[in-house]
Structures are given as structure tokens and as C-alpha cells.
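Last residue of the sequence shown: 62 (my numbering), numbering continuous.
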Amino acid sequence: SVLLADEPTGNLDSKTSIEILNIFQKLNEDGLTLLIVTHDPDVASRCKRIIKMMDGSIISDTLNGVKSG
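Right, here's the structure in full:
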């Protein structure tokens, strides 16, 4: 299964954003794949892999040391 999330914390307060990201982390630990679109570097820092795009092209694809929440 895959969960797609487009700017999932975009209009949320900080506390709720952290709660959502913790839920995503738990789902991922349970085996769910998540694809998160974000412009927020704090959200990206919680991801295992970061793919940056510009004008429809991939400009970088890196594995990330994941911060826990």
C-alpha cells in the first residue's frame, strides 16, 4: 500500500503537524510506503529519502538520516 500526501502539514499548527508526522512515521514502521510532497525542510528532514524536483525534472535523489519526533 502507498499513501500519497500533498503538503500534509501546510495549513496546520506546529503541534498538529508533529502529531501527523508521528502518525506517518508509525505507519511507515508498520510497512506502509508514504509519498509526501512538501516545500517544508522540517517535514523533509523526517523522511528516509528525499527527491528534489525542479520544472518537472529530478535534480537530486538522496537517502537521509531520519530525525525521530
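Don't be surprised by glycine CBs; every beta carbon is placed ideally from N, CA and C.
- For T26, the enclosing beta strand (DSSP E) stretches over residues T26 to V30.
- Restricting attention to H32, T26, D23 and G24, the CA atom closest to the CA of T2 is found in H32.
- Around the C-beta of L(-4), fewer than 16 other C-beta atoms lie within 10 Å, and the residue is accordingly described as exposed.
- Distance between D23 and N15, taken at the CA atoms: about 12 Å.
- In the three-state scheme derived from DSSP, where H, G and I count as helix and E and B as strand, D(-1) is classed as strand.
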